[in-house]
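Engineer: Structure provided below as structure tokens; questions to follow.
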Amino acid sequence: MTPAKIGSRALALACLLATAGPARAAGFALRPYLGVYADAAGAALAGPEGVACGDDRLVVSDPGNARLVSFQIKDGAVVAGKETKLSQATYPTRLVLEPDGSLLVLDGRKRQIVRLDAAGGFAGAIDFKPASALAFPRSLKEDPAGNLYVLDTTGKITVLDRAGKVTRQLEPPPADAGAAIFTDLAVDGTGKIYAVDAVAAAVWAADKSASALKPLTKSLKESIHFPSAMVVVGGRLLLVDQNGHGLVALGLDGSLLGRALEMGWSEGLVYYPTQVCVNSRGETFVADRNNNRIQMFLPAQ
Amino acid sequence: MRSTILSLSLALALPALPALAQSPKAPAKAGAAKPAPSGAAALEKKFKLKPGAGGKLCLDCHGNFEQTLQKASIHTPVRARECIGCHSPHAASHGKLLADEPGKVCATCHGDVVPAKAKSAHKPVAESKCIACHDPHGSAVAKNLVKPGAELCADCHKKLVEAASTAKRKHPPIEKSGCVACHDPHGSAKSTRLLKAAVPELCVGCHKVESAFFLGKHGNYPVGKERCTSCHDPHGSSQAGMLYDTVHPPVARAACAQCHEAPSSPTRFRTKAAGAALCKLCHTPRINQMMEKGRLHTPVLQGDACIACHSPHASPKPKLVRGNLVGVCGKCHPDTIQRQERSPTKHAPVANGECQSCHDPHSSELPLMLVDSNPINVCATCHNWEKHASHPIGVSFKDPRSKNLTLNCLSCHRAHGTEYKRLMPAPRTTDLCVKCHEQFKR
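Protein chains in written order, with my numbering: chain Z, 758 to 1058; chain S, 2 to 443.
Now the structure itself:
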């Protein structure tokens, strides 16, 4: 792949901003920019599951190698991948990169959330105790105020403030409400919580003051096969369609804006993508899990 | 000469048909008001036929009906010699000179066999294939059936009928009356599966649920309003009490209180713990084993947990799985199942519901809950890949399309099917080959 120039990246950012907001966000397209395959020592990624990114940093959870890899984003390139292995997180799945550079890691095996400081050192586990002994965190997100939103394996969402105090809890919708399997959650700037049901391919939402999730969309099965992850970015929801091999953009009102990417092995194509993150420049990083790589995309011009 | 012989044959045959004298088309009694013309009479008038020519005349040529007319069950119009009730005597737009499409012809008299607001209808009825079960002229079997009851049903429901007839513990109504003891063969307004009433109403018609015997057999839990078929196989079984072949041991012991509150409790059917926590009371090692792995299948802990896939009481499937995995797994993964259904080439494990051949349904260290990190090993359990092709595959061969991949079966095939043959993700073999061998692309 030919690396794009910085000028084109700036243009791409302008395009992203221009399409932000439900009223103007018609259509959704990405263009491939580069693939990330290994750390600085040449150790290849193996089933990278999660991505977290800022403007100058990309962190990848690489459970196939029981490690995290932290890259620098510099001059349009993703470089200097540094490996971190932690005994507290041997199967890292989901990541949240905090503004101060520290990192929250959800570990699949120990089923706990741990914090790493900006230098990559272990800084303790989040004191999160679901109601049931057999409930564990499944996904997590953080809002700009530092409140932590945890989706657990029972489908319950718990909000913790920076001190770790539980400030809000949303029970999973009752079985007769039609909800099935929540795979991820997201939170927008207003504190509104979104949860995605992979089986029905539907999004649920709860305003900041709401006590329960309500359906935001009907089943989007015709457009999404099995959404595994979701983020709020640029005034819209970006869903990763794991089994449908693509990304789907929705307006915050649940309207379908468009779909990007296709299944395949060559760069620009994805094979069971799992998670996505987008930085303020609109650079989109996709954990292209079954291709054992991270792909970076820019908004199509 | 021929017509003379036929007339004689009919004359001999007619006394053997007692219903003939009670034909609904028989002339009205003397002294009654002017009779309305019968169906045959109206049709004879329509076709300007001589009186009686609507059927008797036909037999002059269709002499093979001699045998039919001697059968035990004769279709009323045939018995009344009203061939024109179903057939047009001159010309027709439908086969066999039928006056209308086959199902519509039958519906002129039998339009009410399926209730107006049916909850279920038999497929042949819905498809107007009445003659799949009935002979439109005559049969040795009552109701003009082409075969006796269970034998007829077995034409489509072979496994079910065989299982019912060979079961160690048979359901008496089936032995006595066959399938129609519980099912209406046309349609049911009261239940799915053509049942004459919904379960348990159908069952309690025979089983006295208030009796001490019944309660004792059910651990003194009043299960009379519960769904009997969640534990019992109504078609017979090898298990005592006609339970499904795989029985949860506490159920077999009628030790319901092992999982449920005591039968004297006002909330007696409530379980002692919720979700997987209840199952863990006995299955601790198994659940701990699942928990050791990096990926847990979501239903293991969410919602109904174990019972999302396993029946807590009894099941016809091993390991108490609720049914064929095409249905069980397809409940949450319909796209995967549908992809297989659309695929011109079927992958046997998917078609047969053997999802567990490749995926661990509980937990795994691997993406997609695969049972082995090397797809070649998974495929090799059925396919001898070394004899499959001369194309190099294995960890020594890099995939030219993606440098962190090596070539394996999934480099060219998709296990759940594609829209193309041989599970390939391209319409032609060459389209796939040139993805890597670009120098040959034209």
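Virtual Cβ for every residue (Gly too), placed ideally from N, Cα, C. Please read these numbers as outputs of a predicted model, since none were measured by experiment.
1) Over what stretch of residues does the beta strand (DSSP E) that includes residue 998/Z continue unbroken?
2) Would you mind working out which of 805/Z, 869/Z and 800/Z sits nearest residue 837/Z, comparing C-alpha positions?
3) Could you pull out every residue in the same chain whose Cβ sits closer than 8 Å to the Cβ of residue 121/S, ignoring the five residues on either side in sequence?
4) How about residue 1056/Z and residue 1043/Z: are their beta carbons less than 7 Å apart?
5) Report the rounded CA-to-CA distance for residue 867/Z versus residue 209/S, giving the unit in angstroms.
6) What residues match up with residue 146/S in a beta bridge as DSSP calls it?
7) With DSSP collapsed to three states, give me the class of residue 270/S.
8) Which value, in whole angstroms, describes the spacing of the CA atoms of residue 248/S and residue 133/S?
9) Comparing the C-beta of residue 911/Z with each C-beta of chain S, is any distance below 7 Å?
10) Tell whether a beta-carbon distance below 7 Å holds between residue 257/S and residue 220/S.
11) Are there any heavy atoms of the ligand SAH lying less than 6 Å away from the beta-carbon of residue 801/Z, as far as the coordinates show?
12) Give a yes or no on whether the minimum CB-CB distance between residue 277/S and chain Z is below 7 Å.
13) Can the beta-carbon of residue 76/S be found less than 7 Å from the beta-carbon of residue 145/S?
14) Check for me: the beta strand (DSSP E) holding residue 894/Z runs from which residue to which?
15) State the DSSP-derived secondary structure class of residue 260/S, mapped to helix, strand or coil.
16) Does residue 925/Z come out as helix, strand or coil in the three-state DSSP assignment?
17) Any beta carbon from chain Z within less than 7 Å of residue 161/S's own beta carbon?
18) Going by DSSP, name the residue or residues bridged to residue 1066/Z.
19) Buried or exposed for residue 234/S, going by 16 or more other Cβ atoms inside 10 Å?
20) Measure the beta-carbon distance from residue 236/S to residue 288/S and round it to whole angstroms, keeping in mind my assumption that it falls under 8 Å.
21) Do residue 1046/Z and residue 805/Z count as a contact pair if the criterion is CB distance below 7 Å?
22) Does chain S have any CB closer than 7 Å to the CB of residue 1081/Z?
23) Could you spell out where the alpha helix (DSSP H) holding residue 215/S opens and where it closes?
24) Three or more beta-carbon pairs under 8 Å between the segment 855-869 of chain Z and the segment 289-302 of chain S, yes or no?
25) Rank 171/S, 292/S, 424/S and 212/S by C-alpha distance to the C-alpha of residue 244/S and give the top, closest one.
26) Which class does residue 1034/Z belong to by DSSP, given the choice of helix, strand or coil?
27) Look at the Cβ atom of residue 1004/Z, then the Cβ atom of residue 1013/Z, and state whether they are nearer than 7 Å.
28) Quick check: is the beta carbon of residue 980/Z nearer than 7 Å to any beta carbon in chain S?
29) To which residues does DSSP link residue 410/S through a beta bridge?
30) On the three-state DSSP scale, how would you describe residue 303/S?
31) Any beta carbon from chain Z within less than 7 Å of residue 368/S's own beta carbon?
32) Chain Z partners of residue 457/S, CB-CB under 7 Å?
33) Pick out the complete beta strand (DSSP E) segments inside the segment 948-978 of chain Z, 3 residues or longer, and give them in chain order.
34) Along the chain, where does the beta strand (DSSP E) that runs through residue 1042/Z open and close?
35) DSSP beta-bridge partners for residue 243/S?
36) Give a yes or no on whether the minimum CB-CB distance between residue 871/Z and chain S is below 7 Å.
Structural biologist: So, from the listed chains and residues:
1) One-based indexing of the first sequence puts residue 998/Z at position 241. Unbroken beta strand (DSSP E) run through residue 998/Z: 993-998.
2) Counted from its first residue, the first sequence places residue 837/Z at position 80. Per the Cα distances, 800/Z.
3) Along the second sequence, read from residue 1 onward, the residue named residue 121/S stands at position 120. Only 188, 189, 192, 193, 194, 195 and 196 meet the Cβ criterion.
4) As a working note, residue 1056/Z is residue 299 in the first sequence. As a working note, residue 1043/Z is residue 286 in the first sequence. It is not a contact, given that the beta carbons lie outside the stated cut-off.
5) Sequence index remark: in the first sequence, residue 867/Z carries index 110 (1-based). Sequence index remark: in the second sequence, residue 209/S carries index 208 (1-based). Approximately 52 Å, taken between the alpha carbons.
6) Counting from 1 along the second sequence, the entry for residue 146/S is found at position 145. Looking at the DSSP assignment, residue 146/S forms a beta bridge with 135/S.
7) Indexing the second sequence from 1 puts residue 270/S at position 269. In the structure shown, residue 270/S sits in coil (DSSP, three-state: anything other than H, G, I, E or B).
8) For this step, residue 248/S is matched to residue 247 along the second sequence. For this step, residue 133/S is matched to residue 132 along the second sequence. The straight-line gap from Cα to Cα measures roughly 37 Å.
9) As a first step, residue 911/Z is located in the first sequence; it is residue number 154 there, counting from the start. So, interface residue.
10) The residue you call residue 257/S lines up with position 256 of the second sequence. The residue you call residue 220/S lines up with position 219 of the second sequence. Yes; because the gap between Cβ atoms is below 7 Å, this pair is in contact.
11) This structure lacks the ligand SAH, and indeed carries no ligand of any kind.
12) Residue mapping note: residue 277/S aligns to position 276 of the second sequence, counting from 1. Taking Cβ atoms only, chain Z reaches closer than 7 Å to residue 277/S, which makes this a yes.
13) Your numbering for residue 76/S matches position 75 in the second sequence. Your numbering for residue 145/S matches position 144 in the second sequence. Yes, these two residues count as a Cβ contact at 7 Å.
14) For the purposes of this step, residue 894/Z is identified with residue 137 of the first sequence, where counting begins at 1. That run of the beta strand (DSSP E) goes 894-899.
15) Translated into positions along the second sequence, residue 260/S becomes position 259. Residue 260/S falls in the coil class under three-state DSSP.
16) Taking the first residue of the first sequence as position 1, residue 925/Z is located at position 168. DSSP places residue 925/Z in strand when its eight states are reduced to three.
17) Within the second sequence, residue 161/S is the residue found at index 160, counting from 1. No, residue 161/S does not count as interfacial toward chain Z.
18) Lying outside 758 to 1058, the shown extent of chain Z, residue 1066/Z is not represented and no answer is given.
19) Residue mapping note: residue 234/S aligns to position 233 of the second sequence, counting from 1. With 16 or more other Cβ atoms within 10 Å, it is buried.
20) Mapped onto the second sequence, residue 236/S falls at position 235. Mapped onto the second sequence, residue 288/S falls at position 287. Not quite, the Cβ-Cβ distance comes to about 34 Å (not below 8 Å), so this is no contact.
21) Position 48 of the first sequence, counted from the first residue, corresponds to residue 805/Z. Position 289 of the first sequence, counted from the first residue, corresponds to residue 1046/Z. Their beta carbons are under 7 Å apart, which means residue 805/Z touches residue 1046/Z by this criterion.
22) In the structure as shown, chain Z starts at 758 and stops at 1058, and residue 1081/Z therefore has no counterpart that could be examined.
23) What you label residue 215/S is simply residue 214 of the second sequence in a count that begins at 1. Unbroken alpha helix (DSSP H) run through residue 215/S: 213-218.
24) yes
25) Looking up residue 244/S in the second sequence gives position 243. For the residues 171/S, 292/S, 424/S and 212/S, the minimum Cα distance to residue 244/S belongs to 171/S.
26) Looking up residue 1034/Z in the first sequence gives position 277. Reduced to three states, the DSSP call for residue 1034/Z is strand.
27) Working through the first sequence from its first residue, we reach residue 1004/Z at position 247. Working through the first sequence from its first residue, we reach residue 1013/Z at position 256. For residue 1004/Z and residue 1013/Z, no; Cβs fall outside 7 Å.
28) As a working mapping, residue 980/Z is identified with position 223 in the first sequence. By this cut-off, residue 980/Z is not an interface position.
29) The sequence position of residue 410/S within the second sequence is 409, counting from 1. Paired residue(s): none; residue 410/S is not in a bridge.
30) Position 302 of the second sequence, counted from the start, is the residue given in the question as residue 303/S. The answer is coil: DSSP assigns residue 303/S none of H, G, I, E or B.
31) Translated into positions along the second sequence, residue 368/S becomes position 367. At least one chain Z Cβ lies under 7 Å of residue 368/S.
32) With chain S covering 2 to 443 only, the question about residue 457/S has no answer from this structure.
33) 950-954 and 959-963
34) Start at 1 with the first residue of the first sequence, and residue 1042/Z comes out as number 285. 1041-1045 is the span of the beta strand (DSSP E), which, as asked, contains residue 1042/Z.
35) Taking the first residue of the second sequence as position 1, residue 243/S is located at position 242. In the DSSP output, where bridge partners are listed per residue, residue 243/S has none listed.
36) Along the first sequence, read from residue 1 onward, the residue named residue 871/Z stands at position 114. No, its Cβ sits nowhere closer than 7 Å to a Cβ of chain S.
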